[in-house]
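Reading through the structure tokens given below for one structure.
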Amino acid sequence: MWKAMSCRFAYRRYALPLRVPVRTASGRWTVREGLILRVENDAGDTGFGEVAPIPEFHTETVAEAEAALRVLDGRIAEAQIATFPARLRCVRQGLGSALRECRAEAPEAATASLPVAALLPAGRDALAAAASRVEVGFRTFKWKVGVAGNDVEMGLLDDLLALLPGGARLRLDANGAWDRRRAERWLERCAERPIEFIEQPVAADARNAEDLLLGLAGDYPTPLSLDESLADDADVERWLAAGWPGLFTIKPSLLADPESVLARLAAAKARVVFSSALETAVGARSALRLAFAWKGEPRALGFGVWPLFADARFDGPAAVPVLRAEDIAAVDLEAVWNALS
Ligand code: MG
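Under the numbering used here, the first residue of the sequence shown is numbered 38, with each subsequent residue one higher.
Below, the structure is given as structure tokens:
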């Protein structure tokens, strides 16, 4: 039965050196590994998807994803996606997105353009980077904290804010590096400063993380956003049920069924920030299409990551201050696929 409705399927594994290592509170990345998926129906229509897992976010590993896809025997049908174990979220997402694209089912854009947040390096390097990003027109900035030492970073905060033009927004991302006391000190410091939000101030697996995050969100004026706490599709549901008052940082590449999760968030009138999972242009195009289709309050995209790869053929649309819907439609996925042959 599957055979009749199935598409030809192939995948290619990649291990792509990053142009510059990415430092976060959870470590240092030098190589991005993942899989690009290609499907083709009998009419010759093609679709591409990407499996770009981040095991620190409790996804499968690349090896687990590849082992699951290797048994497919060159064909895939929509109905098969649900037969993969739920924990293979990136596999489910990549296949779903490739098959939808093959059926020409792109979500409709709700906006013609969206601002992009410039990603600043951790520590003092943020200052020079911010100055040059301001120069080219960025107005939203994201700075990784919890990396360079607390006192150093607190000292840099005002230097950084002083570099930004009026109306600019700064987001901080602690990647869960702070304990309660440290988070409170930062939230006190940020209360009278133009901080758009702080992402994941304390670790998702901290003791009583849910109560701690809800408490911090209730006690201080700076909004908080959940990132690592949203490890899978069900976590979003759990935080909605808990009455989370802050934002939701959504990395569509790491959710099994991002469309359904976003429909749930839209129904709850949640505030959503779309974020890169450091995927190639293939996964980025799927994720950005969902961001452009979001009908809630638009926020700067957490996709200011390119150029990311040493081999620029794998980069998504250049990190410009404003991204247009047509820039995303123009990404050539066949070229990415061919670059891996
Ligand atoms: Mg984050």
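Where a beta carbon is used, it is the ideal one built from N, C-alpha and C, also for glycine.
Here the alpha carbon of Asp364 sits roughly 29 angstroms from the alpha carbon of Ile118. Annotation for Gly131: Leu74, Gly86, Glu87, Val88 place their beta carbon closer than 6 angstroms to its own, counting only its chain and skipping 5 residues before and after. Taken through DSSP and simplified to helix, strand or coil, Ser266 comes out as coil.
Look at Asn212: its beta carbon is less than 8 angstroms from one of the heavy atoms in the ligand MG. Leaving aside the five residues that flank Ala155 on each side, the residues in its chain whose CB is nearer than 6 angstroms to its CB run, in chain order, Arg170, Phe175, Phe178, Gly341. The continuous alpha helix (DSSP H) containing Glu363 extends over residues 362-366. Collapsing the DSSP output to three states places Val182 in coil. Glu316 counts as buried, since no fewer than 16 other beta carbons sit within 10 angstroms of its beta carbon. Linking Lys288 to Ala80 through their CA atoms gives a straight-line distance of about 32 angstroms.
Remark: the shortest separation between the CB of Glu233 and any heavy atom of the ligand MG does not fall under 8 angstroms. Out of Ala321, Glu274, Ser290, Val128, the CA that lies nearest to the CA of Ala300 is found in Glu274. Counting only residues of its own chain and dropping the five nearest sequence neighbours on each side, Pro158 has a CB closer than 6 angstroms to the CB of Ala166. In the three-state reduction of the DSSP assignment, Val373 falls in the helix class, which pools H, G and I.
Nearest neighbour of Phe311 by Cα position, chosen from Val182, Val184, Ala324, Ala372, turns out to be Ala324.
If you check the C-beta of Glu145 against the ligand MG, you find no heavy atom less than 8 angstroms away. Take the alpha-carbon of Glu247 and the one of Glu371: they are about 43 angstroms apart. Here the stretch 192-203 does not lie against the stretch 334-354, with fewer than 3 beta-carbon pairs under 8 angstroms apart. Proximity of the beta carbon of Thr83 to the ligand MG is not indicated: no heavy atom of the ligand is located closer than 8 angstroms.
Per DSSP, Phe329 lies in no beta strand (DSSP E) segment; the continuous alpha helix (DSSP H) that holds it begins and ends at 318-330. By the neighbour-count criterion, in which 16 or more other beta carbons inside 10 Å mark a residue as buried, Lys332 falls on the exposed side.
Cβ-Cβ distances below 6 angstroms link Pro92 to Thr98 in the same chain, with the five nearest sequence neighbours on each side left out; the list follows chain order. Excluding residues up to 5 positions away in sequence, Pro144, Glu145, Ala146, Ala147 lie with their Cβ nearer than 7 angstroms to the Cβ of Ala330 in the same chain. The shortest CA-to-CA distance from Ala349 to any of Pro54, Ala47, Arg50 is the one to Pro54. Membership of Ala155 in the beta strand (DSSP E) is indicated by the continuous run 150-157. The alpha-carbon separation between Ser262 and Pro58 amounts to approximately 25 angstroms. With a threshold of 8 angstroms, the Cβ atom of Thr177 does not count as near the ligand MG, since no heavy atom of the ligand is closer than that.
Annotated three-state conformation of Val298 is helix, per DSSP. For Asp110 and Asn212, the gap between their C-alpha atoms comes out near 39 angstroms. Taking the Cβ atoms as the reference, Val359 lies roughly 28 angstroms from Val184, outside the contact range of under 8 angstroms.
For Pro289, the three-state secondary structure derived from DSSP is helix. The beta carbons of Leu125 and Glu101 sit about 7 angstroms from each other, so the pair counts as a contact at 8 angstroms. In the three-state scheme derived from DSSP, where H, G and I count as helix and E and B as strand, Pro92 is classed as helix.
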